[in-house]
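Below is one structure, written out as structure tokens, with a few remarks after it.
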Amino acid sequence: MPPLDKILPKLKNWHRRESSKDSTVYVVYGKQPSSFSSLEYIEPIIAVVASEKECYALQDKFPDAEVSWEERKVQDAGQGAMAADQILYLTHTTLLPHDEDSDGNPVFGIMESPIPEGLYCSRKTAEREAPNSYLQKVKLGEVNLRGVGKLLE
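When the letters of the sequence shown are read in order and numbered with my numbering, they come out as residues 897 to 1049.
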């Protein structure tokens, strides 16, 4: 058996890696045919979830959508674990309307390929860190093939 002084640093590194995962979430996309005549497909953010296991479950649940995801760190989460139904704020630098609703208003939020720039627990921090960005409010664990969350003004 290796001496304790060799094992202890490895345990500390393992604990540090596991703790940093606490503030990590997965932004899940769902590529699918578009209902908008100007787009061949849409790939909205269909969920923000706490584990990769949930990503695989969404992939199984929605076989007609090309589900993909990326791991993202929540900027101001500290060391606490992400809780179910927690509100998060995504920041986007570019957001273009792709259609109009029945009243002639531009439809935002369903983007061809959205790529959030940042992810925050606090709206105040998101506004301070990304003052010229669009804010999208999402609930951790919410799933919607048309796109999760709400764009804030």
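Ideal placement from N, C-alpha and C gives every residue a C-beta, glycine not left out.
Inter-residue CB distance, residue i and residue j (contact presumed, cutoff 8 Å)
i	j	result
Lys927	Ala953	18 Å between Cβ atoms; not a contact.
Val963	Val924	6 Å
Leu1031	Tyr985	5 Å
Ala1022	Thr987	6 Å
Ser919	Ala973	4 Å
Phe958	Leu1041	7 Å
Nearest neighbour of residue i, chosen from the options [CA to CA]
i	options	result
Pro1010	Asn1028, Met978, Val1044 and Ser998	Val1044
Ser998	Cys1017, Lys957, Phe932 and His988	Phe932
Ser1018	Thr989, Lys1033 and Pro1012	Lys1033
Thr990	Pro1012, Ala979 and Leu984	Pro1012
Glu966	Gly1037, Asp956, Glu948 and Gly974	Glu948
Pro940	Ala946, Ser930 and Ser934	Ser930
Asn1028	Met978, Gln982, Gly1014 and Ser934	Gly1014
Tyr1016	Leu1041, Arg968 and Val1039	Arg968
Val921	Leu1041, Phe958 and Ile983	Ile983
Where residue i sits in the DSSP three-state scheme
i	result
Gln1032	strand
Ile1006	Low confidence applies here, because Ile1006 scores a pLDDT of 49, under 50, leaving its location unreliable; read the following figure in that light. Reduced to three states, the DSSP call for Ile1006 is coil.
Bridge partner(s) assigned by DSSP for residue i
i	result
Leu1048	Leu1031
Thr920	Lys969
Gly1014	Thr987
Runs of beta strand (DSSP E) wholly within the segment 927 to 1001 (minimum 3 residues, chain order)
Entirely contained in the segment 927 to 1001, the beta strand (DSSP E) runs reaching 3 residues are, in chain order, 941 to 945, 962 to 969 and 983 to 988.
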